[in-house]
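See below for the structure under consideration.
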Ligand code: ACO
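Residue numbers (our numbering): 391 to 818.
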């Protein structure tokens, strides 16, 4: 915190001072608590782009310089050296685990990988052609009806068990959504495998034959999970906090986050990127005409996988993922033309003043779809994969919110633009 203060004057001659709060990194924030009582104003900030909604010690982003830190550790170091479960521990508890702490955490997560048998019936109740994200939203919301023994949000032990359950069960539920969609039998988790390998086993194995995962593919997926684990107060995380701020249980709050993630401007972007690249590839449209369309204000088309609300530089995750994509396609002999096309598009935008002036760079989703395709994950599962990875971020924020002494129910205000008071016919 700083001693700096900002004065604001109202048009009726009142004046009030507001403290400038300073975190560990990043710009200061004017603490506008009491603005209305002192000056009679609210603030107007559509999309909350200028609003700090909470204090958080989990993730730091410097969008100007393209920096992403989890609990202080740079994302590139975590992607290279760490495992997804270790990152989960770090996000949840704030420090990297000791060997014993990690062993105990892994055992706890493994202990919770199975789901109640009735959840299998629940998923089977969805239409055969239901979108996996629709099933995921519904099923995660329904977890509170199966695990209500851990939904007392005032009890820290309940909160922790719910966090463990969510992290452990998401891969199982995600794979069941896929299996149901394909009409294939559900596979039980295999706790002798690591987190990512177990997910691959539940996704791709069938009872009729043995399944061996490819270690290069498993590592690529693991890195993808690490890169998507958290990203501070984005739309879905803010949704989880807002839903949870009313005291909603953790399963309902995470289901709200999954719903928010589904949109094409957020988690649905990687699916949109692959659709876009396929369209360009199949239609024979050139890079030039695609870019011209993206720049044309009369055309609603946007270049998917480009631009970010916070990053006005390279998304640091995009750099890691582009390299990962390259290595993986080499190893799996994968979708090289699609990758080449993506590279060409990236190079063309970097040289184009429209994208330079607006500081639009490839985001994490520009390459993640190509990787997921190379891993044989179908397109309608892309956002499910994102949700699986982000569950730890959401639940870490939900936990942090519940131990924050300044936490209050979220309740933004508005500028009312409707009718002024008027009489109901015959009432005056
Ligand atoms: N293609 C073409 N033009 C774009 C793009 C794009 N992808 N993104 C932004 N612009 C332009 C806008 O038209 C606008 O131009 P103008 O100043 O001439 O009006 C300018 O850049 C600023 O755009 P905003 O919409 O104000 O930027 P905002 O920060 O609100 O939006 C967003 C960010 C939603 C990510 C946007 O860039 C977008 O729609 N990108 C494509 C979808 C996408 O990739 N989403 C994934 C985000 S990452 C994630 O969720 C993990």
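Here a beta-carbon is modelled for each residue, glycine too, at the ideal position from N, C-alpha and C. Just so we're clear, the structure is a prediction, and the values are computed from it rather than from any experiment.
- The segment 646 to 660 makes contact with the segment 753 to 762, as at least three CB pairs between them are under 8 Å.
- Cβ contact annotation for residue 479 (same chain, cutoff 6 Å, sequence separation greater than five): 487 and 495, in chain order.
- In this structure, the alpha-carbon of residue 610 lies about 14 Å from that of residue 466.
- The ligand ACO has a heavy atom closer than 7 Å to the beta-carbon of residue 656.
- Beta-bridge analysis with DSSP links residue 406 to 398.
- Listed as beta-bridge partners of residue 451 by DSSP are 458.
- If you check the C-beta of residue 698 against the ligand ACO, you find a heavy atom less than 7 Å away.
- Taken through DSSP and simplified to helix, strand or coil, residue 412 comes out as coil.
- Here the distance from the Cβ of residue 753 to the nearest heavy atom of the ligand ACO is below 7 Å.
- The segment 563 to 575 and the segment 509 to 523 touch, with no fewer than 3 CB-CB distances between them shorter than 8 Å.
- A distance criterion of 7 Å places the beta-carbon of residue 422 beyond contact range of the ligand ACO, judged by its closest non-hydrogen atom.
- Of the other Cβ atoms in all chains shown, fewer than 16 fall within 10 Å of the Cβ of residue 441; this residue is therefore exposed.
- Each residue's CA atom was taken as its position, placing residue 580 and residue 717 some 28 Å apart.
- Residue 498 and residue 782 have their C-alpha atoms roughly 15 Å apart.
- Distances from the alpha-carbon of residue 795 to those of 784, 491 and 635 put 635 closest.
- By the CB criterion at 8 Å, residue 421 and residue 409 fall inside the cutoff.
- Residue burial annotation: residue 541 is buried, with at least 16 other C-beta atoms found within 10 angstroms of its C-beta.
- The C-alpha of residue 589 is placed about 7 Å away from the C-alpha of residue 565.
- Just so you know, the alpha carbons of residue 453 and residue 415 end up roughly 12 Å apart.
- Around the beta carbon of residue 569, 16 or more other beta carbons sit within 10 angstroms, so the residue counts as buried.
- Where residue 474 is concerned, the enclosing alpha helix (DSSP H) starts and stops at 474 to 483.
- With a cut-off of 7 Å, the C-beta of residue 692 is classified as near the ligand ACO, since at least one heavy atom of the ligand falls inside that distance.
- Within the segment 681 to 744, the complete alpha helix (DSSP H) segments at least 4 residues long are 706 to 722 and 726 to 740, listed from N- to C-terminus.
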